[in-house]
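Down below is the structure, laid out as structure tokens.
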Amino acid sequence: MGNNASADAENADFCSSDDEPSKKIVTQFVRMGGAREEEFLCEDEVEESALNRTSIHKMPYNGIWSIMIPPNKGPVPRTGQFCCYSSEYQTIFVGYGIKRSGSLLNDVWALSTVDFSWHRLKLKGDHISPRQGSTAIMMDNFIVIFGGANERTFFTNLHTIDVTTGEVLLAETGGKQPPEMRGCSLGIYKRQLFVWGGFDQEEVFYDYLFVLDFNTME
Numbered sequence: 001m002g003n004n005a006s007a008d009a010e011n012a013d014f015c016s017s018d019d020e021p022s023k024k025i026v027t028q029f030v031r032m033g034g035a036r037e038e039e040f041l042c043e044d045e046v047e048e049s050a051l052n053r054t055s056i057h058k059m060p061y062n063g064i065w066s067i068m069i070p071p072n073k074g075p076v077p078r079t080g081q082f083c084c085y086s087s088e089y090q091t092i093f094v095g096y097g098i099k100r101s102g103s104l105l106n107d108v109w110a111l112s113t114v115d116f117s118w119h120r121l122k123l124k125g126d127h128i129s130p131r132q133g134s135t136a137i138m139m140d141n142f143i144v145i146f147g148g149a150n151e152r153t154f155f156t157n158l159h160t161i162d163v164t165t166g167e168v169l170l171a172e173t174g175g176k177q178p179p180e181m182r183g184c185s186l187g188i189y190k191r192q193l194f195v196w197g198g199f200d201q202e203e204v205f206y207d208y209l210f211v212l213d214f215n216t217m218e
């Protein structure tokens, strides 16, 4: 995502922890968390002071990973969240997932790739129950979200979130629908949504490709 970051971010200097001379880079990556659920839920709570310590790691290739410290408070630690990027808004949208306590979430946050500030979206419209394992992709000013699961149910519903208004809309679709699943892959091309892969409650993995035409909603 570094190619879409601001010029200031692209030309920023990063220093290693042992005070060696800084090295300019033209591409940067932001680690945003996420872990295997069984490992994440077993971890002890990490003190906020530990989370706020910047750590930079040298790699044997041309690049450097760094932990970016946002200027304001962001979402709680989680895994199983969706994540998608809008080049138009230069923003990463993150939502849903499961907390370390095991509680499911249905909040949505926006991270600016210009100043790395967090903002929570004020959602309205159709209610979406807390879930994890949903997949999302951007289309214009909409986050398109499919699937996911809670403690008892896997979902097959499709919904959108207008990032300019916070309006949530459950889509009404026709034709043969994908099965209830989580962890699928999404793609959009010429106003068509492609849904591939994922797995169901019985841990059956799918290799089907489903296509939804946004013009006909089938």
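First residue of the sequence shown: 1, per the numbering used here; consecutive thereafter.
Backbone N, C-alpha and C define an ideal beta-carbon position, used for all residues, glycine too.
These numbers come from a predicted model, not from an experiment.
Q | Leu-170, buried or exposed, once every other Cβ within 10 Å from all chains shown has been counted against 16 | A | exposed
Q. Can you tell which of Ser-129, Gln-90 and Phe-199 has its C-alpha closest to the C-alpha of Phe-116?
A. Residue Gln-90 is the option with its Cα nearest to Phe-116.
(Q) In this structure, how does DSSP classify Val-195 when only helix, strand and coil are distinguished? (A) strand
Q. By the 10 Å Cβ neighbour count, where 16 or more other Cβ atoms means buried, how is Ile-69 classified, buried or exposed?
A. exposed
Q. Run through DSSP, which three-state label would Glu-172 get?
A. coil
Q.
For Gly-183, report the span of its beta strand (DSSP E) as first-last.
A. 182 to 189
Q.
Quick check on His-127: does DSSP put it in helix, strand or coil?
A. coil
Q | Pro-75 versus Ile-188: straight-line alpha-carbon distance, rounded | A | Distance between the alpha carbons of Pro-75 and Ile-188 is about 27 Å.
Q) Hey, Thr-153 and Phe-146 are a contact pair by Cβ (cut 8 Å); roughly how many whole angstroms apart? A) About 15 Å separates the two Cβ atoms, so there is no contact after all.
Q) So what does DSSP say about Phe-154, is it helix, strand or coil? A) strand
(Q) Please state the DSSP three-state secondary structure of Leu-219. (A) Nothing about residue 219 can be reported from this structure: the residues present for the chain run from 1 to 218 only.
(Q) Using C-beta distances below 7 Å, list every residue in its chain close to Gly-198, excluding the 5 sequence neighbours before and after it, in chain order. (A) Gly-147, Met-181, Arg-182, Gly-183, Cys-184 and Tyr-206
Q: Take Pro-130 as the anchor and find which of Ser-112, Leu-121 and Leu-105 has the nearest alpha-carbon.
A: That would be Leu-105, whose Cα lies nearest to the Cα of Pro-130.
Q.
Could you compute how far the alpha carbon of Ser-86 sits from the alpha carbon of Phe-155?
A. 25 Å
Q. Closest by CA to Thr-79, which one among Ile-92, Trp-65, Lys-73 and Ile-98?
A. Ile-98
Q: Could you please give the first and the last residue of the uninterrupted beta strand (DSSP E) stretch that includes Phe-214?
A: Per DSSP, Phe-214 belongs to no beta strand (DSSP E) and is neither H nor E.
(Q) Looking at Ile-143: is its Cβ nearer than 7 Å to the Cβ of Ile-161? (A) yes
Q: Please state if the CB of Cys-84 and the CB of Met-138 are separated by a distance shorter than 7 Å.
A: yes
(Q) Given the structure, does Ser-87 come close to the ligand NAP, in the sense that its CB is under 6 Å from one of the ligand's heavy atoms? (A) In the structure on display, the ligand NAP does not appear, and there are no ligands present to speak of.
Q. Are the Cβ atoms of Ala-110 and Phe-93 separated by less than 7 Å?
A. The beta carbons of Ala-110 and Phe-93 sit closer together than 7 Å.
Q: Measure the beta-carbon distance from Val-168 to Lys-124 and round it to whole angstroms, keeping in mind my assumption that it falls under 8 Å.
A: 7 Å
Q: Using 10 angstroms around the beta-carbon of Leu-158, count the other beta-carbons present and answer buried if the total reaches 16, otherwise exposed.
A: buried
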